[in-house]
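Take the sequence shown: its position 122, counted from the start at 1, is 122 in UniProt numbering, and no numbers get skipped.
Quick reminder that beta carbons are idealized off the backbone N, C-alpha and C, glycines included.
So the structure is just underneath, and the comments pick up after that.
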Amino acid sequence: MTMEVVNKLQTKSNCFVEISTDEANNLNGIFIQDKFMSKLFEAFPEVVFADAIYKLLDLRLPVYVLMTKDGNGQSEIAAIGLLVYVTDKDMKERNVIKKVFPNAALTICLWLHRPYAWTLTLRTFNREITCDKRNITPNERDTVKELIQNIVYCKSEHEYENLYQNLNTVAPRNVIEYYNKNWHEIRDEWVIGMTYMTGNL
């Protein structure tokens, strides 16, 4: 996106446009919000949904749509964003949202992509816990994934702790290190029995 396009959005469409760059002036992301979107967000700030559309732009950047839910239960677009990835997609998204909404109770999406498929959380595990990435055997991989699937669907902290101890017993050390670094401390954001406590929709 050139400065000409940014200027057009600001002057002709009366949009608020913020461009984020790193210390080396590399693009991190672009935030776009017109006055109507801003008013919607001010009126209904309690719940904000974020989803990404891929392969929409020639730049191959994901287009983020931030939505709120109005008084009638209808989704309304509150902002548009572009985010450049430099690390793991799901963790990057989570960290950005935490910075923008520091007091929010964040819940990682548990929507089923297909009737029998992994949830989005499980799809991340499926992508990250592979024989090649973790240097594990197919049997170890399958055992870990089965345990993690049970963890995702567990119904209480007590059940989680029992499954977590089992995971520590059977999973290779590098898998446990990955799990503890990325997932254990934020279990209230993706374990079904705990996300309900924070208002999972």
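Residue i - partner residues in DSSP beta bridges
i, result
"Glu18", "Phe31"
"Ala79", "Leu66"
Rounded separation between residue i and residue j - CA only
i, j, result
"Glu159", "Asn28", "40 Å"
"Val6", "Pro138", "50 Å"
"Glu146", "Ile80", "37 Å"
"Val152", "Leu40", "34 Å"
"Met1", "Phe31", "Residue placement at Met1 is flagged as unreliable, the pLDDT there being 49, under the threshold of 50; a coordinate-derived value is accordingly withheld."
"Gln165", "Asp34", "49 Å"
"Asp132", "Phe49", "34 Å"
"Ser156", "Leu83", "35 Å"
"Asp142", "Pro172", "12 Å"
"His184", "Ser13", "44 Å"
"Thr195", "Glu189", "5 Å"
"Thr130", "Leu122", "13 Å"
"Cys15", "Lys8", "9 Å"
"residue 282", "Thr11", "Absent from the structure is residue 282, since the part of the chain shown begins at 1 and ends at 201."
"Asn200", "Phe36", "With a pLDDT of 43 at Asn200, under the threshold of 50, the predicted position of this residue should be treated as unreliable, and no value is reported."
"Phe44", "Asn72", "11 Å"
"Val144", "Val17", "44 Å"
"Gln74", "Asn168", "43 Å"
"Glu140", "Asn180", "17 Å"
"Asp70", "Ser38", "13 Å"
"Ile19", "Asn162", "46 Å"
"Asp22", "Met3", "17 Å"
"Ile148", "Thr124", "11 Å"
Rounded Cβ spacing between residue i and residue j (contact assumed at less than 8 Å)
i, j, result
"Leu56", "Val65", "Not quite, the Cβ-Cβ distance comes to about 10 Å (not below 8 Å), so this is no contact."
"Ile136", "Val175", "7 Å"
"Thr68", "Ala52", "About 17 Å; that fails the 8 Å criterion."
Extent of the continuous alpha helix (DSSP H) run through residue i
i, result
"Asp132", "Cys131 to Arg134"
"Thr169", "Glu157 to Val170"
"Asn182", "Arg173 to Asn182"
"Glu189", "Unbroken run through Glu189: none, as it is neither H nor E."
"Glu140", "Pro138 to Val152"
"Leu9", "Met3 to Thr11"
Element boundaries [beta strand (DSSP E), containing residue i]
i, result
"Asp51", "Val48 to Ile53"
Contact with chain B by residue i, beta-carbon distance below 8 Å
i, result
"Ile129", "Given the protein chain composition of this structure (a single chain), no chain B is represented."
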